[in-house]
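Visitor: Letter by letter, the sequence shown follows residues 1 to 202 in the UniProt record's numbering.
Glycine included, C-beta positions come from ideal geometry on N, C-alpha and C.
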Amino acid sequence: MVRTGGLHHCLEASSYLPQISYVYSSKENMRETGCDAIDCLVQFVCSLNHNLTEGSEYLKILTEVFSNIFDTPENNHLRLFPIILPSLTINYIEHIVTEKEKVSKKNKNGMIFSDDGFAIGVTYLLSVLNLHDEFESLHWFDSVNKMYDEEEQLIESQLAGEPNDMKSGDNTLKLSIRRLKLYKKEFELLYYNLNSAKIFFH
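#1: Using a threshold of 9 Å, state whether the C-beta atoms of T98 and L190 are closer than that.
#2: Return the chain-ordered ranges of every beta strand (DSSP E) run that is complete within the segment 52-113 and spans a minimum of 3 residues.
#3: Comparing C-alpha positions only, which one of K184, R31, S47, L125 sits nearest to D149?
#4: Taking C-alpha atoms, which residue in N130, Y192, A160 lies nearest to L80?
#5: Any contact between the segment 193-200 and the segment 113-133? By contact I mean 3 or more CB pairs, one from each, below 8 Å.
#6: Quick one: give me the first and last residue of the alpha helix (DSSP H) that N193 is part of.
#7: Specify, as a first and last residue, the run of the alpha helix (DSSP H) that H202 falls within.
#8: According to DSSP, is N130 helix, strand or coil?
#9: Quick check for students: name the residue ranges of the alpha helix (DSSP H) that lie wholly in the segment 131-156, counting only runs of 4 or more.
#10: I'd like to know whether the C-beta atoms of L126 and I155 end up nearer to each other than 9 Å.
#11: Distance check for Y192 and F201, CA to CA, integer angstroms please.
#12: Once you ignore the five residues that flank L159 on each side, which residues in its own chain have a CB closer than 6 Å to its CB?
#13: Just tell me which of L59, F187, E134, N109 has its CA closest to the CA of S143.
And the structure:
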């Protein structure tokens, strides 16, 4: 997206430039100063053409620029960024589940809800601050999976141990299992999105 914006800007700028063949043909009747100006123009046009065709990694450049800015003693507090990510992910998952439920209730045309901005933003910040290893050392997603597995097993054991004449709570327990599976799946999707987004910044 960043590269597309850059290309669009270059294309708009290039519409004001003359054809190089025309520039060279008019160079014969110029004085030295005019010839120097034409040479500068030709270099600029060639540079513009090169930038249009070159596959610059703009996101990598953005990461490197901000890494240098934040890698200073006065920004040491940013080294603690991974600590707040678990609570941010919980909030994000609750938001996503709520939004997906709203969409599914109003959905009449096969609409699909997708939001990868959070994952890309978090991955970008971890890349800028060079804190991927620190976040992974928390084993946050492993802990989440373990918690949901344990809760699911607990509810299933309650279902299995309930007498036949007390099956009225079955629906509630089944709804709880379904909700646990939904949240677990959303955490897994977030985990995959975070890992996939790394490719943009490396």
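Guide: Working from what's here:
#1: The sequence position of residue 98 within the sequence shown is 98, counting from 1. The sequence position of residue 190 within the sequence shown is 190, counting from 1. It is not a contact, given that the beta carbons lie outside the stated cut-off.
#2: With a minimum length of 3 residues, no continuous beta strand (DSSP E) run stays inside the segment 52-113.
#3: Mapped onto the sequence shown, residue 149 falls at position 149. Its Cα nearest to that of D149, the residue K184 stands out among K184, R31, S47, L125.
#4: In the sequence shown, counting from the first residue as 1, residue 80 sits at position 80. The residue with the shortest Cα to Cα distance from L80 is N130.
#5: Verdict: yes, contact present.
#6: Position 193 of the sequence shown, counted from the start, is the residue given in the question as residue 193. 170-197 is the extent of the alpha helix (DSSP H) around N193.
#7: Counted from its first residue, the sequence shown places residue 202 at position 202. Careful: H202 lies outside any alpha helix (DSSP H) and carries neither H nor E.
#8: Here residue 130 refers to the residue found at position 130 of the sequence shown. Of the three classes helix, strand and coil, the one that applies to N130 here is coil, per DSSP.
#9: 132-136
#10: As a position in the sequence shown, residue 126 is number 126, starting the count at 1. As a position in the sequence shown, residue 155 is number 155, starting the count at 1. No. Outside cutoff.
#11: Stepping through the sequence shown from its first residue, residue 201 is reached at position 201. Stepping through the sequence shown from its first residue, residue 192 is reached at position 192. Computed Cα separation, rounded: 16 Å.
#12: Along the sequence shown, one-based indexing puts residue 159 at 159. The answer, listed in chain order, is L173.
#13: As a position in the sequence shown, residue 143 is number 143, starting the count at 1. Closest option to S143, Cα to Cα, is F187.
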